[in-house]
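In the working numbering, the protein residues as written are 124 to 188.
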């Protein structure tokens, strides 16, 4: 699941939610909603920003690799 995978990657990188949100240039509330599964349809732009901030591919972010 996307939400749990983003959370796992964030923790592996030892980043707080606040720090990742700032690195990805997305609102903190957006990241919290994504990680909690309350945002089931984040925009592609948001996913790209998160992948870039975590230094992973979109496939890795989505748990496909």
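Glycine included, every Cβ here is placed at the ideal spot set by N, Cα and C.
The structure displayed is predicted, hence computed values, not measured ones.
Checklist entry - Is the CB-CB distance between residue 129 and residue 158 below 8 Å? => result Position 6 of the chain shown holds residue 129. Position 35 of the chain shown holds residue 158. Yes, the pair counts as a contact, with Cβ atoms nearer than the cut-off.
Checklist entry - Got a sec? Which residues, its chain only, sit under 6 Å from residue 147 by beta carbon, not counting five neighbours each side? => result Residue mapping note: residue 147 aligns to position 24 of the chain shown, counting from 1. The answer, listed in chain order, is 172, 173, 176.
Checklist entry - Does the Cβ-Cβ distance between residue 160 and residue 139 come in under 8 Å? => result If you number the chain shown from 1, residue 160 lands on position 37. If you number the chain shown from 1, residue 139 lands on position 16. Going by C-beta atoms, residue 160 is not nearer than 8 Å to residue 139.
Next on the checklist: Determine whether the beta carbon atoms of residue 184 and residue 132 lie at a separation below 8 Å.
Outcome noted: Position 61 of the chain shown, counted from the first residue, corresponds to residue 184. Position 9 of the chain shown, counted from the first residue, corresponds to residue 132. In contact: residue 184 and residue 132 (Cβ atoms closer than 8 Å).
Item to check | Separation of residue 186 from residue 124, as counted between CA atoms | outcome: Within the chain shown, numbered from 1, the residue matching residue 124 stands at position 1. Within the chain shown, numbered from 1, the residue matching residue 186 stands at position 63. Their Cα atoms are separated by approximately 7 Å.
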